[in-house]
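In the working numbering, the protein residues as written are 50 to 149. The beta carbon of each residue, even a glycine, is placed where N, CA and C say it ideally should be. If you're wondering where the values come from, they're calculated on a predicted model, not measured in any experiment. Inspection log for the structure reproduced underneath, given as structure tokens.
Written out as structure tokens, the structure is:
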């Protein structure tokens with residue numbers, strides 16, 4: 050298959066960019082069916098922003114007392130009033146009983 054450089058328009062900046070023969074060959078080898086929608090700069094900027102946004106989030110650890118055994122524990126959420134909070138041991142025991 051013969052490839053020629055194509056001029057495409059970036060959806061981010063509406064600027065023209067060249068879809069080179071080398072890039073087209075790569076797309077063909079990988080069996081990509083769509084042409085790129087963003088220029089290289091916008092593509093890398095988009096990847097960088099998504100990498101920053103997908104950074105690990107830190108969970109809240111709240112100290113509380115287990116509703117079942119009365120032991121002091123920490124839970125990875127802020128408990129709401131009126132709902133029982135279980136320590137890891139009681140929670141694991143309750144899960145095995147329910148699934149058995």
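Counting the other CB atoms within 10 Å of its CB gives residue 130 a total below 16, which places it among the exposed residues. By the 16-neighbour rule on beta-carbons within 10 angstroms, residue 118 is exposed. Rounded to the nearest whole angstrom, the CA to CA distance from residue 61 to residue 99 is 15 Å. Inter-residue distance for residue 108 and residue 137 is about 16 Å (C-alpha atoms, whole angstroms). With 16 or more other CB atoms across the displayed protein chains lying within 10 angstroms of its CB, residue 73 is buried. As for any beta strand (DSSP E) of minimum length 3 sitting wholly inside the segment 60-127, the runs are 65-68, 111-114, 121-124, ordered along the chain. With respect to the 8 Å criterion, residue 124 and residue 134 are classified as neighbours on the basis of their beta carbons.
Taking residue 78 as the centre and dropping the five residues before and after it, the same chain places no C-beta closer than 6 Å to its C-beta.
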